[in-house]
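**Student:** Just passing along the structure, written as structure tokens.
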Amino acid sequence: MASEGDRRADLEVDEPRRSRILGALGSGGGGARAVAIALLSTIVFVVVVVVVVGNSPGWPAVHKGFFSWTYYKSAFPETARAFRLNVEIFLIAECLILPFALLIAVLRSLPGPVFFPFRALAIMYADFFRGVPTILMIAWLGFGVPGLQISGVPTSTTFWAVVALVLIYSAYVSEVYRAGIDSVHPSQEAAARSLGLTRGQTLRKVILPQAVRRVIPPLLNDFIGLQKDTALVGILGAVEAFQQTEIDTAATFNFTAYLVAATLFVAITIPLARFTDWLIARDRRRRQAQGLFA
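Quick note, the sequence shown lines up with residues 11 to 304 if you use the working numbering.
Listed below in structure tokens is the structure:
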């Protein structure tokens with residue numbers, strides 16, 4: 011049987027862990043108070059903005075020009091149909107960006123002097139396409155490539171808009187993937203190689219699954235930006251949501267159609283943003299739980 015001194019020593023050793031657990035369990039009151047303060051301050055801010063804007067001299071004209079319910083109802087159907095093109099471009103580009111960006115990240119992470127040309131090419135790709143504004147790339151490809159009149163080369167503006175978005179966002183997403191790959195501890199690779207796995211098998215079965223799982227939240231943030239950037243396709247003449255609002259505004263001399271387009275984009279991006287926040291919070295809770303019972 012353990013002596014009284016041994017039991018006291020065990021309690022002293024477990025005291026730091028007990029303190030961390032009790033501190034985490036007792037933090038609920040402070041969190042609720044912080045939420046209440048944040049909610050109250052938000053309500054006060056909204057009330058102040060509404061009072062200031064509503065009492066401004068130009069509010070009646072702005073209300074009529076930007077927030078007309080009559081124009082909103084008349085512009086919504088056509089803008090919603092045009093928004094379908096934005097969604098299609100987003101989905102096609104996303105399906106192409108994910109594997110292409112992963113390939114770039116893997117090439118950049120290959121070790122050894124033999125793979126230096128591949129690493130250099132991946133670095134130049136990421137640096138160039140992250141530095142070029144998206145709207146310029148869309149204009150270059152959308153206007154320039156069809157102008158070459160090369161036989162067999164597509165002339166569709168939508169096609170080249172998708173290509174431009176894939177090139178730009180693949181550079182950004184490849185850096186997200188690379189951060190995930192670098193976050194996997196080298197001991198994981200060493201353990202896999204000691205079990206007889208080749209470098210390729212280690213990358214495919216050990217490193218990449220962990221890396222991709224860790225970078226899902228930032229990947230979703232990039233795709234939120236991608237969904238909004240589909241509006242840039244309108245510079246090529248494609249009738250997407252923003253271009254349709256331009257047509258409606260020119261026809262009615264009323265800017266409420268912009269509010270319609272904003273509503274449609276927000277209806278897509280806010281659920282994605284909240285899903286991203288949920289994933290980040292879940293990962294944070296998991297890490298905190300592991301730290302408490304470590």
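Quick reminder that beta carbons are idealized off the backbone N, C-alpha and C, glycines included.
Fair warning: this is a prediction, and the values are worked out from it, not measured in the lab.
Just the C-alpha distance for PRO164 and LEU229, rounded to the nearest angstrom, thanks.
**Tutor:** Walking along the sequence shown from the start, residue 164 turns up at place 154. Walking along the sequence shown from the start, residue 229 turns up at place 219. Those two C-alpha atoms are separated by around 30 Å.
**Student:** Taking only the alpha-carbon atoms, compute the straight-line gap between THR255 and ALA283 and give it to the nearest angstrom.
**Tutor:** Here residue 255 is taken as the residue at index 245 of the sequence shown, counted from 1. Here residue 283 is taken as the residue at index 273 of the sequence shown, counted from 1. Between THR255 and ALA283, the C-alpha separation is close to 25 Å.
**Student:** For the putative contact between ALA136 and ILE107, defined by C-beta atoms under 8 Å, what is the C-beta separation to the nearest angstrom?
**Tutor:** Here residue 136 corresponds to residue number 126 of the sequence shown, with the count starting at 1. Here residue 107 corresponds to residue number 97 of the sequence shown, with the count starting at 1. The pair is not a contact, with the Cβ atoms about 13 Å apart (cut-off 8 Å).
**Student:** Between the beta-carbon of ALA171 and the beta-carbon of LEU246, is there less than 8 Å?
**Tutor:** Locating residue 171 in the sequence shown gives position 161, where the first residue counts as 1. Locating residue 246 in the sequence shown gives position 236, where the first residue counts as 1. Result yes, Cβ atoms of ALA171 and LEU246 sit closer than 8 Å.
**Student:** So what does DSSP say about GLU250, is it helix, strand or coil?
**Tutor:** For the purposes of this step, residue 250 is taken as residue 240 along the sequence shown, with counting starting at 1. It is coil, neither helix nor strand.
**Student:** Would you mind giving the Cβ-Cβ distance between PHE265 and GLY75, rounded to the nearest angstrom? I have them listed as a contact below 8 Å.
**Tutor:** The residue given as residue 265 occupies position 255 in the sequence shown. The residue given as residue 75 occupies position 65 in the sequence shown. Going by Cβ atoms, the distance from PHE265 to GLY75 rounds to 5 Å, so yes, they are a contact pair.
**Student:** In the DSSP assignment, the alpha helix (DSSP H) including VAL124 goes from what residue to what residue?
**Tutor:** Working through the sequence shown from its first residue, we reach residue 124 at position 114. Careful: VAL124 lies outside any alpha helix (DSSP H) and carries neither H nor E.
**Student:** Taking 7 Å as the line, does the beta carbon of GLU185 fall inside it for any heavy atom of the ligand GTP?
**Tutor:** Ligands in the displayed structure: none, and consequently the ligand GTP is not present.
**Student:** Runs of 3 residues minimum, wholly inside the region 92 to 126: which ones carry the beta strand (DSSP E) assignment?
**Tutor:** Those beta strand (DSSP E) runs which fall completely within the region 92 to 126 and span 3+ residues do not exist here.
**Student:** Could you give the distance in angstroms between the alpha-carbon of ASP232 and the alpha-carbon of GLU88?
**Tutor:** If you number the sequence shown from 1, residue 232 lands on position 222. If you number the sequence shown from 1, residue 88 lands on position 78. Straight-line Cα distance between these residues: approximately 28 Å.
**Student:** Please report the residue range of the alpha helix (DSSP H) in which HIS73 lies.
**Tutor:** Locating residue 73 in the sequence shown gives position 63, counting from the first residue. It spans 69 to 76 - the alpha helix (DSSP H) in which HIS73 sits, taken as one unbroken run.
**Student:** So what's GLN159 in DSSP terms, helix, strand or just coil?
**Tutor:** Working through the sequence shown from its first residue, we reach residue 159 at position 149. Three-state result, GLN159: coil.
**Student:** Thinking ALA103 and SER184 are a contact (beta carbons under 8 Å), I'd like their distance in whole angstroms, please.
**Tutor:** Reading the sequence shown from its first residue, position 93 is the one you call residue 103. Reading the sequence shown from its first residue, position 174 is the one you call residue 184. Contact doesn't hold; Cβ gap of about 15 Å is too wide.
**Student:** Among the residues of its own chain, which have a CB less than 8 Å from the CB of THR279, if the five just before and after it don't count?
**Tutor:** Within the sequence shown, residue 279 is the residue found at index 269, counting from 1. If we look at THR279 and ignore the five residues flanking it on each side, its Cβ neighbours are ILE234, GLN237 and LYS238.
**Student:** Taking 8 Å as the threshold (C-beta atoms), are ILE148 and ALA174 in contact?
**Tutor:** Taking the first residue of the sequence shown as position 1, residue 174 is located at position 164. Taking the first residue of the sequence shown as position 1, residue 148 is located at position 138. Result yes, Cβ atoms of ALA174 and ILE148 sit closer than 8 Å.
**Student:** Which same chain residues, not among the five before or five after THR212, have their C-beta less than 7 Å away from its C-beta?
**Tutor:** Taking the first residue of the sequence shown as 1, we reach residue 212 at position 202. Only GLU199, ALA202 and ARG203 meet the Cβ criterion.
**Student:** Assign PHE139 to one of three DSSP states: helix, strand, or coil.
**Tutor:** Within the sequence shown, numbered from 1, the residue matching residue 139 stands at position 129. In this structure, PHE139 counts as helix in the three-state DSSP scheme.
**Student:** The alpha helix (DSSP H) that contains VAL337, what's its start and end?
**Tutor:** Any property of residue 337 remains undetermined from this structure, which presents the chain solely from 11 to 304.
**Student:** Check PRO228 in the structure and name its three-state DSSP category.
**Tutor:** Taking the sequence shown and counting its residues from 1, the one referred to as residue 228 is at position 218. Note: PRO228 maps to helix in three-state DSSP.
**Student:** Look at the alpha carbon of PRO143 and the alpha carbon of THR167, and state the distance between them as a whole number of angstroms.
**Tutor:** Along the sequence shown, read from residue 1 onward, the residue named residue 143 stands at position 133. Along the sequence shown, read from residue 1 onward, the residue named residue 167 stands at position 157. So the two alpha carbons sit approximately 18 Å from each other.
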